[in-house]
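Notes follow once the structure below has been shown.
4 protein chains.
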Amino acid sequence: MTDFPAKLLAGYRNFMSGRYSDERERYRVLAETGQNPHTLLIACCDSRAAPETIFDCGPGELFVVRNVANMVPPFEPDGQFHATSAALEYAVEVLEIDNIVVMGHGRCGGIRAALDPSMSPLSPGDFIGRWMALVKPAAEQIQSNEFMTQAERQTALERVSIRNSIANLETFPFVKKRGEKGELSVHGAWFDISSGELWIMDSKGDFVRPDLTELPVQAEQASA
Amino acid sequence: MTDFPAKLLAGYRNFMSGRYSDERERYRVLAETGQNPHTLLIACCDSRAAPETIFDCGPGELFVVRNVANMVPPFEPDGQFHATSAALEYAVEVLEIDNIVVMGHGRCGGIRAALDPSMSPLSPGDFIGRWMALVKPAAEQIQSNEFMTQAERQTALERVSIRNSIANLETFPFVKKRGEKGELSVHGAWFDISSGELWIMDSKGDFVRPDLTELPVQAEQASA
Amino acid sequence: MTDFPAKLLAGYRNFMSGRYSDERERYRVLAETGQNPHTLLIACCDSRAAPETIFDCGPGELFVVRNVANMVPPFEPDGQFHATSAALEYAVEVLEIDNIVVMGHGRCGGIRAALDPSMSPLSPGDFIGRWMALVKPAAEQIQSNEFMTQAERQTALERVSIRNSIANLETFPFVKKRGEKGELSVHGAWFDISSGELWIMDSKGDFVRPDLTELPVQAEQASA
Amino acid sequence: MTDFPAKLLAGYRNFMSGRYSDERERYRVLAETGQNPHTLLIACCDSRAAPETIFDCGPGELFVVRNVANMVPPFEPDGQFHATSAALEYAVEVLEIDNIVVMGHGRCGGIRAALDPSMSPLSPGDFIGRWMALVKPAAEQIQSNEFMTQAERQTALERVSIRNSIANLETFPFVKKRGEKGELSVHGAWFDISSGELWIMDSKGDFVRPDLTELPVQAEQASA
Numbered sequence: 001m002t003d004f005p006a007k008l009l010a011g012y013r014n015f016m017s018g019r020y021s022d023e024r025e026r027y028r029v030l031a032e033t034g035q036n037p038h039t040l041l042i043a044c045c046d047s048r049a050a051p052e053t054i055f056d057c058g059p060g061e062l063f064v065v066r067n068v069a070n071m072v073p074p075f076e077p078d079g080q081f082h083a084t085s086a087a088l089e090y091a092v093e094v095l096e097i098d099n100i101v102v103m104g105h106g107r108c109g110g111i112r113a114a115l116d117p118s119m120s121p122l123s124p125g126d127f128i129g130r131w132m133a134l135v136k137p138a139a140e141q142i143q144s145n146e147f148m149t150q151a152e153r154q155t156a157l158e159r160v161s162i163r164n165s166i167a168n169l170e171t172f173p174f175v176k177k178r179g180e181k182g183e184l185s186v187h188g189a190w191f192d193i194s195s196g197e198l199w200i201m202d203s204k205g206d207f208v209r210p211d212l213t214e215l216p217v218q219a220e221q222a223s224a
Numbered sequence: 225m226t227d228f229p230a231k232l233l234a235g236y237r238n239f240m241s242g243r244y245s246d247e248r249e250r251y252r253v254l255a256e257t258g259q260n261p262h263t264l265l266i267a268c269c270d271s272r273a274a275p276e277t278i279f280d281c282g283p284g285e286l287f288v289v290r291n292v293a294n295m296v297p298p299f300e301p302d303g304q305f306h307a308t309s310a311a312l313e314y315a316v317e318v319l320e321i322d323n324i325v326v327m328g329h330g331r332c333g334g335i336r337a338a339l340d341p342s343m344s345p346l347s348p349g350d351f352i353g354r355w356m357a358l359v360k361p362a363a364e365q366i367q368s369n370e371f372m373t374q375a376e377r378q379t380a381l382e383r384v385s386i387r388n389s390i391a392n393l394e395t396f397p398f399v400k401k402r403g404e405k406g407e408l409s410v411h412g413a414w415f416d417i418s419s420g421e422l423w424i425m426d427s428k429g430d431f432v433r434p435d436l437t438e439l440p441v442q443a444e445q446a447s448a
Numbered sequence: 449m450t451d452f453p454a455k456l457l458a459g460y461r462n463f464m465s466g467r468y469s470d471e472r473e474r475y476r477v478l479a480e481t482g483q484n485p486h487t488l489l490i491a492c493c494d495s496r497a498a499p500e501t502i503f504d505c506g507p508g509e510l511f512v513v514r515n516v517a518n519m520v521p522p523f524e525p526d527g528q529f530h531a532t533s534a535a536l537e538y539a540v541e542v543l544e545i546d547n548i549v550v551m552g553h554g555r556c557g558g559i560r561a562a563l564d565p566s567m568s569p570l571s572p573g574d575f576i577g578r579w580m581a582l583v584k585p586a587a588e589q590i591q592s593n594e595f596m597t598q599a600e601r602q603t604a605l606e607r608v609s610i611r612n613s614i615a616n617l618e619t620f621p622f623v624k625k626r627g628e629k630g631e632l633s634v635h636g637a638w639f640d641i642s643s644g645e646l647w648i649m650d651s652k653g654d655f656v657r658p659d660l661t662e663l664p665v666q667a668e669q670a671s672a
Numbered sequence: 673m674t675d676f677p678a679k680l681l682a683g684y685r686n687f688m689s690g691r692y693s694d695e696r697e698r699y700r701v702l703a704e705t706g707q708n709p710h711t712l713l714i715a716c717c718d719s720r721a722a723p724e725t726i727f728d729c730g731p732g733e734l735f736v737v738r739n740v741a742n743m744v745p746p747f748e749p750d751g752q753f754h755a756t757s758a759a760l761e762y763a764v765e766v767l768e769i770d771n772i773v774v775m776g777h778g779r780c781g782g783i784r785a786a787l788d789p790s791m792s793p794l795s796p797g798d799f800i801g802r803w804m805a806l807v808k809p810a811a812e813q814i815q816s817n818e819f820m821t822q823a824e825r826q827t828a829l830e831r832v833s834i835r836n837s838i839a840n841l842e843t844f845p846f847v848k849k850r851g852e853k854g855e856l857s858v859h860g861a862w863f864d865i866s867s868g869e870l871w872i873m874d875s876k877g878d879f880v881r882p883d884l885t886e887l888p889v890q891a892e893q894a895s896a
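Top line first, the protein sequences correspond to chains A, B, C and D.
Sequential numbering of the first sequence, starting at 1, is according to the working numbering.
Sequential numbering of the second sequence, starting at 225, is according to the working numbering.
Sequential numbering of the third sequence, starting at 449, is according to the working numbering.
Sequential numbering of the fourth sequence, starting at 673, is according to the working numbering.
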């Protein structure tokens, strides 16, 4: 008997008798031929905003980066470890994905931390403090607005963070190049945990709710 | 009409009429009271190995980091941006998660790249090359072993990478401290995309298949 | 033959043969006994946001003030003409209304003017400039935020204006007094012209979408 | 659950499933392209005299000011807050409306207050008293007429107030200028709540009932 969390093993047992059992052949083919995901999805670590759940995606569809507050740092070819930049490079240059989606969400803890000027480092390394410095100029400007409520400031910075990540994406030469060739498109999305609403970013950077009634009905959605 | 990928919007529509509709109240409560996930799951970006799918987890259960080859860098309080260390710090110090699981998987593209000595940088920044340097000593030694097959070398390095991440986890003072107090436990797992098999790491670092028949039946699995 | 706009006369003819014909007795009684509206509604002049339409209210229900950007000035007993303060005084002290609702809306032209630092006076009297000075401090702070889009700034100030009006309402002694006695409650609402969504202000000043499914079914809604 | 008046939420629900549902596209276009109302309508706050109801107007048609007794103050470029003058300036200079209609009505509470010499201030600020001072000379002369009944005095002052507002409109240079160019026409109307009758002001300032049978039949009334 292992001390591996029993809850996770029970979940795995459900997966094997349920979804895997239904999609056994799909997993086998995906293992043989390799993955060919259509989308790189950059999302937050938050336990309430799993992209495969929200977009009802099956195996093979989404190449997923998850970090705190769904951020992309700017292009920094400095020889350091860059988890997000490495995943981006692999998704664009090897997998040749068609879309990049940066998905933020409501009530994001990283964003909340960025808006809290009184927050002290969580540990001597202050990793969250450093990481959230990626949106620090916006965080300071938004936090100093005395006319917005705290919740409004939070939503505002969540959306700024998505636009900021998208702007940083464009600083990567390989993203820019494939985008200019029309082989790659970049999108933003924001998920409201409480209501389940999805808002998507339009060409002006604003977030609007998509009209789902206009979608063509797809016989089988979950094909990669 | 937006140019947001129609496939994703169709998936979102499925989510809203299906899972969200069933779990509306759970999402609402999770939004109100905040997340309280039991596990930090460090997984690969690979589109075939989504942890929520494999462990059949609902909203609120898993705080998820996904980067190429599910890696944790060593503790480096150098003031740079560290996506993974920041998420780790937040999960342990703010969310006080009970478990950390590092999950690798078969046919990992990052691991394959690390084992390919002829591979040239994917882009001038060589982000994947730099990132995979985290397992470079092991990769070189395994690749030079002429008695293993390429598939054996691949699986071997996938598992080394999991043990390496776990060893790096222990270099973070806050992980070590909470582990010593018995408030945090750290685990490894490896998922075989082709067969659906899950292997878990035992106390010696070996990967074994758990006996699922020993599991207590849980009335309702998906509670956070 | 008059030069009164034919469009309006045709509309009036529709009213007489339609709604008035159906509600003849109600109009007669309302004329005899006087009005007894339950709500003072302070709304914008905008042609797309008529409160009787949005709340499907019949004659006798809403006592309505409409000015640009649905504003309430602060209590200024200075002997000048105060259109809004006079209506407020009459609604509270004579009609003893139960609720005050300040309703703003999206794409408000007055708010847009307040956010446009380059706007010159519309006429030598600069009446709009002076009127919108009621939200000037907030307008300046929001306009200077370079990380929000223009549409986000617009929505932010529309909501600030509602909270500002509500704060100003509380400066009127008779509003405060009846509120403290529990005889009067004050609410905020924001209407999205494009989507038809109504957002209402919660106790923290945030705007949220009400759950209409929780409403009791009312046999006849439109009774005063 | 919110404490927002349930009656209003129920009305909104009716609106969404009824009128909005029928006119969704019209609202969307009005949001996109902006409003272009043909008429500025200056009406009373009275709950029994909503102009959109009486003229059966749809979204986008009427830019509406509502204050007590449908009054327009004289042109006073004194740097103070002027709700009505600001709306007038915006309607004429920005929206370039074609018509201004001042609509009074029977049994107006503001007019009744103006005719009551024994009335004490409703509150220490005496806002209604100050506001109704706009028709004070007429109110005093009419009230002192011992040969008219009280109901006759009331109707007389209601109509004087309309003419007074129209005279004050002409003191605004931008109204005068556009009127002289033939781009703007100004009208008066009086609505009898009890009977539903609409009386319109003729060129001599008298109120007469329009002959609706002369109206051309309009295929679709509600176009802006």
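Every residue, glycine too, gets a C-beta built ideally from N, C-alpha and C.
All figures in this text were calculated on a predicted structure; none of them were measured in a lab.
Same chain only: Cβ atoms within 6 Å of residue i, ignoring 5 sequence neighbours per side
i       : result
T53(A)  : none
I142(A) : R153, A156, L157
S613(C) : M519, V520, V550
Cutoff 7 Å; reference residue i; Cβ partners in own chain excluding five residues on either side
i       : result
R514(C) : A491, C492, C493
P569(C) : G577
V208(A) : W199, I200, D202
C556(C) : C492, D494, A517, E606
Residue i, DSSP secondary structure in three states
i       : result
A380(B) : helix
N817(D) : coil
S409(B) : strand
L787(D) : coil
R885(D) : Per the sequence presented here, residue 885(D) reads as Thr, with Arg not at that position. Note: T885(D) maps to helix in three-state DSSP.
T263(B) : strand
L422(B) : strand
I772(D) : strand
F844(D) : coil
F462(B) : Lying outside 225 to 448, the shown extent of chain B, residue 462(B) is not represented and no answer is given.
N70(A)  : coil
L232(B) : helix
L95(A)  : coil
L510(C) : strand
F687(D) : helix
Whole-angstrom C-beta distance between residue j and residue i, which should lie under 8 Å
i       : j       : result
A721(D) : I865(D) : 7 Å
Y90(A)  : I352(B) : 5 Å
P74(A)  : N168(A) : 5 Å
A599(C) : K176(A) : So it is not a contact: roughly 26 Å between Cβ atoms.
V316(B) : F398(B) : 5 Å
Environment of residue i [buried if 16+ CB atoms lie within 10 Å]
i       : result
T395(B) : exposed
L489(C) : buried
F819(D) : exposed
M356(B) : buried
G782(D) : buried
T84(A)  : buried
S385(B) : buried
K7(A)   : buried
P796(D) : exposed
T711(D) : buried
Close beta carbons around residue i, own chain, < 8 Å, minus the five adjacent residues each side
i       : result
G284(B) : R250, L254, Q259, N260, P261, A448
* **Stretch pair the stretch 524-537 of chain C + the stretch 468-476 of chain C: three plus CB contacts closer than 8 Å** => Contact between the stretch 524-537 of chain C and the stretch 468-476 of chain C is not established, with fewer than three Cβ pairs separated by less than 8 Å.
* Asked: Would you call the stretch 320-330 of chain B and the stretch 408-425 of chain B in contact, with 3 or more CB pairs under 8 Å?
  -> yes
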